[in-house]
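Visitor: Protein chains in written order, with the working numbering: chain A, 1 to 362; chain D, 1001 to 1362; chain V, 2001 to 2326; chain Z, 3001 to 3326. Backbone N, C-alpha and C fix where the C-beta goes; we use that ideal spot for every residue, glycine too.
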Amino acid sequence: MPIKEIEDFTISYMQVLDENGKVDKELEPKISATELIDMYRWMIRAREVDQRLINLQRQGRIGTVGPSTGQEAAHVIPALLMKDNDWFVGAFREAGARLVRGESIVQALLFYNGFEEGNKKPENYRTLPISIIVGSQTLHAVGIGYAMKYRGDDAAVLTFMGDGATSEGDFHEAMNFAGVWQAPVVFLCQNNQWAISLPRHKQTKSETIAQKAIAYGIPGIQVDGNDPLAMHVAAEEALKRARNGGGPTLIEAVTYRLMMHTTADDPKKYRTEDEVEGWKKKDPIIRFKKYLASKKIWDAKKEEALQTEIKAEIDVAVKEFEDIKDLPPEICFDHVFSTKPDDIEEQRQEFLDRLRKETGNV
Amino acid sequence: MPIKEIEDFTISYMQVLDENGKVDKELEPKISATELIDMYRWMIRAREVDQRLINLQRQGRIGTVGPSTGQEAAHVIPALLMKDNDWFVGAFREAGARLVRGESIVQALLFYNGFEEGNKKPENYRTLPISIIVGSQTLHAVGIGYAMKYRGDDAAVLTFMGDGATSEGDFHEAMNFAGVWQAPVVFLCQNNQWAISLPRHKQTKSETIAQKAIAYGIPGIQVDGNDPLAMHVAAEEALKRARNGGGPTLIEAVTYRLMMHTTADDPKKYRTEDEVEGWKKKDPIIRFKKYLASKKIWDAKKEEALQTEIKAEIDVAVKEFEDIKDLPPEICFDHVFSTKPDDIEEQRQEFLDRLRKETGNV
Amino acid sequence: MSKMNMVQAINLAMLQEMAKDDSVVVLGEDVGVDEGVFRVTAGLLKKYGEDRVIDTPLAESGIIGTSIGMALAGLKPVCEMQFSGFSYLIVHQLEGHASRFRARSQGDWTVPLVVRMPYGGGVRAMEHHSESREALYATITGVKVVIPSTPRNARALLVAAIRDPDPVVFMEPKHSYRAFREEVPDEEEVMEIGKAEIVHEGNDVTIISWGAMMRPTIKAVDEYQEKTGKTVELIDLLTISPMDSKTIIESVQKTGRCVIVQEAPKTMGIASEIIARINDKALMYLEAPVKRVTNYDVITPYFGRENYYFPNPERIYQALEATVDF
Amino acid sequence: MSKMNMVQAINLAMLQEMAKDDSVVVLGEDVGVDEGVFRVTAGLLKKYGEDRVIDTPLAESGIIGTSIGMALAGLKPVCEMQFSGFSYLIVHQLEGHASRFRARSQGDWTVPLVVRMPYGGGVRAMEHHSESREALYATITGVKVVIPSTPRNARALLVAAIRDPDPVVFMEPKHSYRAFREEVPDEEEVMEIGKAEIVHEGNDVTIISWGAMMRPTIKAVDEYQEKTGKTVELIDLLTISPMDSKTIIESVQKTGRCVIVQEAPKTMGIASEIIARINDKALMYLEAPVKRVTNYDVITPYFGRENYYFPNPERIYQALEATVDF
Ligand SMILES: Cc1ncc(C[n+]2csc(CCOP(=O)(O)OP(=O)(O)O)c2C)c(N)n1
Ligand SMILES: Cc1ncc(C[n+]2csc(CCOP(=O)(O)OP(=O)(O)O)c2C)c(N)n1
Ligand SMILES: [Mg+2]
Ligand SMILES: [Mg+2]
């Protein structure tokens, strides 16, 4: 059809540290040794907590868990770049980032054991609880972004979603509102190739997730999500843009879910071991360790010390969690509304009377 | 950010007949004189019915109406290109296209007077009733498209939506499903610059609606929606693509809502007369009449005859509508389910008894 | 003090609350320049500017979802669904988030928002512009559902809703928007959410209604009292959820008879819940079955037929008669 | 005839209906290769291929909206919501379209689809994986809501739902998915939608339940009958909407007493509607208030506490006792 081209868009891909830990000198961000090591520590912490959660679940000591092993660069690094007053509006596959943003391991354990106590607001951080309804949280992020702008608060909002989430109407509405409002929101899509059993190419016909930004007139970029340095560069730029009134950004972090969707899932039903093995070679932690070693700021001794320290920290948390006794059953009646209507108070009394009777604890 | 460009997209704009009725010879489609006149007739018919509906509403003879005056090229022309077995899945601003697809003027009058009778399926056409929930019908179109593919039926599905509708989650999900399924659906967006009082630029930050197609990996094109020839070319290509297994297309028809949103709306509250006047100059009917005249296949005499004929046809329909007496009140009980549960039958009896009493008609 | 209709009264509530508290923002489709399709938001944009009166893109889930975000961040969004018929797009955000943030975080996060929506019949508009589905919202624990019936209580309840720390669905009977005028005090007036109002006391039968149905109910009650000399206790429910059982129960314990008038279909309506509560606590006082006067269990008719289906004064009168004479 | 659990029985219904009628297609998230997160769609993809067993993108409104389109075009889509907790995203399509196409076109267009969704507690999963909100769907006129309680009736009702010319919301009590096995005939078996089942007759009190609550109810009833020598008439509601008033009313007229056991919160539940119907037609037969054993009016607790909240055999037993001894 011979007609006039009126618009032209390009989508870019960024990788700084390749799969062998080799860095592109031109793109390499200037990060201090302390900060680099900090990045590494938080990624290890995320990995170790993840593994422990799975173990505990396997032992029946907690409920269903959704691990994020393999995706640490994609969520931990952006979280580390947040300022204290920035907002974290996560989905459910960023446990490591949540630790960065003030949540404790004990909270995580409570959450995965079915207690709302795991969702209490971390002190001094603007971290929202885990959001399970896929895509729905992105709208909250945009509303918060609007409020920040309205209040003259220079906070940015970092919100996470998966590749699957991009199919939901709420993601679309959030991107669109964010574009119109120029809300200070960074949309960070962890494209881990799968939404439970649905492979990325069946999720959407678009070649990239990043190009979805074009629909909303906002910048979008595809990043090697297993590359901590690329994630650093991309997230920093997007967060800065948000804080400086430049509006929203969509970052597609190309990564991989190395583990099962949740501990209730059996990935063997839908994907090959080969595929998983291929991605294991791109593990962000291995890659980053090589980079640190090449910079001579990391070695086996440091590694061992770190592992020991973190394992001990997790042990303490697990013990603390398992020692918790005061999780009163009746607390649900207290948080339906700000004040308790008569009927709910009546039900609460009935509930307590009954429990006293049932436990013989009259 | 110095990085690798991995994708490149362009969006094109098509106009064949300019605002003065001058045709671009290179792009001009080969259409027979009979067909050209037919296009004109249907556009005039649409316009006249629209105007009459408004008059009747103003006289209190029917309820709220949403006119489509000024948008005839955008919806009537694509409808004319449909094959008999194609599906029409409209929104609410394509009254003219509905006439093309088998609905009668009497039906339209019944609909706007608050009677479900207006929605009965036209014989021999696959035309769905008006859909009021903005954007929601696009998903039906995709499901129908899937069914056609599944059945090996070579029908295409033409679905309409406004610029406002593109903000709804359902539009997004429909485009995405259509892309993944390669469903034979033409998404025809009548971008008439306004969604009630919201101007296009506040609806979305994207420069065009057409570029939203990029998010779903499907072709998108922007067309002068007041140009019947461009609409002809674009719709024909898209419908063919759909029928030939080429999957969905998004066509943005750039047009303008010359009238109020509905007869309940006062557009003076939100837009200037100047803007409206500017667009009146681009009226698709005036433009097309010039084109036909330049081809020597239309003149004032023919115009007068056509006007007289159509007005008479509408007069007959209005009379027929106003003579209708048998619209039984109790019919709503008959169509809740395929068979009537006892309780609903009981309520129906009670209803009839009451009406008999209330009307003294025992 | 001036006489105003419900549209003006609701508008007054927003005008005044916005003046008082700059965390109150208004958002929705056509609420700004157009001042709302019913003009309920008249003057707000002019007075408070684009930052506080936001014409949003056409996306209901977007409106409620961003409102939830604003509320989490300390604002008090008052958002509008253009018609309740389009509000079913927000159910997942209400059920999944607005209602749950408090419980989910044991009180650390709260969502003080108001969703205003016109509901019900009487405006001769197209499909989806006339149904009454307050019951659907009442099935969602953790959101309050308020339905005013007059200009004055609409104003006072909306003020309460805006100040409420919990999410409130505020359903406005559009049939009553301009149907009549009432004195509304200029100075602030707040009514408590969660309380029904005894409009007038009576001894022979209790009648309960809400929203647009209050008008035909009052008409029927007046006529019934006049004709029979009996006295009717008339209750305006005002808050649908959480429901004020106490007022209902005490009244029915006194009168022993009850009629409920509801615009919505019969099945799964608020009337059913009222009856269940009477069953729990006043069954043994009942001298007749509770009588429901409702719409029928049909798909909301297009406006050409709707008047046949709504409860009308005649049906209500007959229900009073049947219940008292049972 | 073989013993199977509910997952297998539901699977059997789909397998057989798909074999019989090539207009039946299955779609949803993870229903194909993964065979459903609960394996309810096991074997379907292998047997019927990608065209008939469709792994959709992650979008619930997309699933129901395209299913409506398929149904309009003559297919019989059986779509799945992975959990009922995510099904509130489809309310607008159910309320606005699936339920209305028939009435809107006076019977010319119909939407014969089934939406399957696991609901209710008992699987120790995260938020939104354990609530019971059948009442919300029951507020929508024009959709049928079916809740089976055993493998056998699940199979027979799903067959009926697939063949039904109207939209059916088919809610599967996930707590009962693998809880027990039952003989299910190999050959076709169909139960009528819209009919409650008298599981066993009795004279002293009627007890009504549905879905996962049938199990604790049966346990309590058995114990109660054994201990007291009284007989209990046990009704399994099976169809929530449209409700089988007749079976309920006749039973209550006979026993004069009634207990209802509901997994959902107390307010605005199906139990309230049952009570309203008893009020209409059997009030004067009641010798005691109808007693509801329900969850409480709280936000569905996370699984760590949920067991405290569900009705259990003890509470049901006590309700029987209190009602009979009233
Ligand atoms: C609205 C909604 N639908 C379905 C689910 C069930 N579910 C949980 S996670 C998931 C897949 C999510 O995929 P993706 O967005 O790619 O995130 P990932 O799990 O890969 O991190 C699904 C279907 C849900 N939680 N919410
Ligand atoms: C879901 C939904 N929300 C709101 C409305 C009310 N409404 C009817 S038309 C309309 C504007 C539609 O704009 P657009 O899609 O551009 O179509 P146009 O009216 O311009 O043809 C609105 C807000 C509706 N019908 N459906
Ligand atoms: Mg994923
Ligand atoms: Mg428009």
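Can you list, in chain order, the residues of its chain whose CB lies under 8 Å from that of D:Leu1053, leaving out five sequence neighbours each side?
Guide: Ile1062, Val1065, Pro1067, Ala1095, Ala1108, Leu1109 and Tyr1112, listed in sequence order.
Visitor: Rounding to the nearest angstrom, what Cα-Cα distance links Z:Phe3038 and V:Ile2054 in this structure?
Guide: C-alpha separation (whole angstroms): 44 Å.
Visitor: From Z:Asn3295, Z:Glu3287 and Z:Pro3216, pick the residue whose C-alpha is nearest to that of Z:Asn3203; which is it?
Guide: Of the candidates Z:Asn3295, Z:Glu3287 and Z:Pro3216, the one whose C-alpha sits nearest the C-alpha of Z:Asn3203 is Z:Glu3287.
Visitor: Counting pairs of beta carbons, one from the region 2158-2168 of chain V and one from the region 2010-2021 of chain V, are three or more of them closer than 8 Å?
Guide: Short answer: they touch.
Visitor: Does ligand 1 have even one heavy atom less than 6 Å from the beta-carbon of V:Ala2098?
Guide: Outside the cutoff, so no.
Visitor: If you pair each beta-carbon of the region 1089-1106 of chain D with each one of the region 1166-1179 of chain D, do three or more pairs fall below 8 Å?
Guide: Short answer: they don't touch.
Visitor: Cβ of A:Met1 less than 7 Å from any chain Z Cβ?
Guide: Its pLDDT being 45, under 50, A:Met1 is placed unreliably in this model, and the coordinates cannot settle the point.
Visitor: Using only alpha-carbon positions, find the residue among Z:Thr3300, Z:Phe3086, Z:Pro3118 and Z:Val3111 that is nearest to Z:Ser3099.
Guide: Ranking Z:Thr3300, Z:Phe3086, Z:Pro3118 and Z:Val3111 by Cα distance to Z:Ser3099 puts Z:Val3111 first.
Visitor: Taking 7 Å as the threshold (C-beta atoms), are V:Val2159 and V:Val2190 in contact?
Guide: The answer is yes: Cβ separation under 7 Å.
Visitor: Report the residue from D:Glu1313, D:His1140 and D:Met1039 whose alpha carbon sits nearest the alpha carbon of D:Phe1187.
Guide: Nearest option by C-alpha distance: D:His1140.
Visitor: Measure the alpha-carbon distance for Z:Met3243 versus Z:Ala3135 and round it to whole angstroms.
Guide: So the alpha carbons of these two residues sit roughly 12 Å apart.
Visitor: Can we count A:Gly164 as close to ligand 3, meaning its CB is less than 6 Å from some heavy atom?
Guide: Yes.
Visitor: Starting from Z:Gln3008 and walking both ways along the alpha helix (DSSP H), at which residues does that stretch end?
Guide: Where Z:Gln3008 is concerned, the enclosing alpha helix (DSSP H) stretches over Met3006 to Lys3020.
Visitor: I'd like to confirm the pairing. Which residues does DSSP put opposite Z:Ala3322 in its beta bridges?
Guide: According to DSSP, which records beta bridges pairwise, Z:Ala3322 is partnered with nothing at all.
Visitor: Look at V:Glu2182 and V:Pro2151 and say whether their C-beta atoms are less than 7 Å apart.
Guide: Taking 7 Å as the Cβ cut-off, V:Glu2182 and V:Pro2151 qualify as a contacting pair.
Visitor: Taking 7 Å as the threshold (beta carbon to beta carbon), is V:Gly2062 in contact with chain A?
Guide: Chain A contact via Cβ: present.
Visitor: Classify A:Arg271 as helix, strand or coil using the three-state DSSP reduction.
Guide: It is coil, neither helix nor strand.
Visitor: Against Z:Tyr3302, what residues of chain A qualify as contacts under a CB-to-CB distance less than 7 Å, listed in chain order?
Guide: Those within 7 Å of Z:Tyr3302 in chain A are Gly114, Phe115 and Glu116.
Visitor: Is Z:Gly3332 helix, strand or coil when you go by DSSP?
Guide: Here chain Z comprises residues numbered 3001 to 3326, so residue 3332 of chain Z is not present and cannot be evaluated.
Visitor: First and last residue of the beta strand (DSSP E) that includes V:Asp2236?
Guide: Per DSSP, V:Asp2236 belongs to the beta strand (DSSP E) from Val2232 to Asp2236.
Visitor: So with CB distances below 9 Å, who are the chain A contacts of Z:Asp3297?
Guide: Those are Phe333, Val336, Pro341, Asp343, Ile344 and Gln347, listed as they occur along chain A.
Visitor: Using the C-alpha atoms, what's the distance from D:Lys1311 back to Z:Ala3138?
Guide: Whole-angstrom Cα-Cα distance: 48 Å.
Visitor: Strictly below 8 Å CB to CB, what residues from chain Z border A:Ser378?
Guide: Residue 378 of chain A is absent from the model: chain A starts at 1 and stops at 362.
Visitor: Is A:Asn124 buried or exposed, if buried means 16 or more other CB atoms sit within 10 Å of its CB?
Guide: Per the 10 Å Cβ criterion, exposed.
Visitor: Does DSSP put A:Thr34 in a helix, in a strand, or in coil?
Guide: Helix.
Visitor: Using a Cβ cut-off of 7 Å (strictly closer), state whether V:Arg2305 contacts chain D.
Guide: Taking Cβ atoms only, chain D reaches closer than 7 Å to V:Arg2305, which makes this a yes.
Visitor: Pull up the distance between the alpha-carbon of D:Ile1003 and that of A:Asp50, whole angstroms please.
Guide: Going from the Cα of D:Ile1003 to the Cα of A:Asp50 covers about 33 Å.
Visitor: Looking at C-alpha atoms only, which residue of A:Arg151, A:Gly225 and A:Ile214 is the closest neighbour of A:Phe160?
Guide: Out of A:Arg151, A:Gly225 and A:Ile214, A:Gly225 has the C-alpha closest to the C-alpha of A:Phe160.
Visitor: How many whole angstroms separate the CB atoms of V:Gly2122 and V:Lys2174, which I take to be in contact at a CB cut-off of 8 Å?
Guide: Indeed they touch by this definition, with Cβ atoms about 7 Å apart.
Visitor: Quick one: grab the DSSP three-state call for V:His2200.
Guide: It is a strand residue.
Visitor: Note down the Cα distance separating Z:Ala3322 from Z:Lys3227, rounded to an integer number of angstroms.
Guide: Those two C-alpha atoms are separated by around 14 Å.
Visitor: Among residues of its own chain, excluding the 5 on either side of D:Gln1203, which ones have a beta-carbon nearer than 8 Å to its beta-carbon?
Guide: Hits under 8 Å: Asp1163, Gly1164, Thr1166, Ser1167 and Ala1195.
Visitor: Whole angstroms is fine: what's the gap from V:Tyr2285's alpha carbon to Z:Cys3258's?
Guide: Whole-angstrom Cα-Cα distance: 18 Å.
Visitor: Going by DSSP, what residues sit across from Z:Ser3002 in a beta bridge?
Guide: Looking at the DSSP assignment, Z:Ser3002 forms a beta bridge with Z:Val3184.
Visitor: Return yes when at least one heavy atom of ligand 3 lies under 6 Å from the C-beta of A:Asn119, else no.
Guide: Result no, Cβ not under 6 Å from ligand 3.
Visitor: Report buried or exposed for D:Pro1029, applying the criterion of at least 16 other Cβ atoms within 10 angstroms of its Cβ.
Guide: Label assigned to D:Pro1029: exposed.
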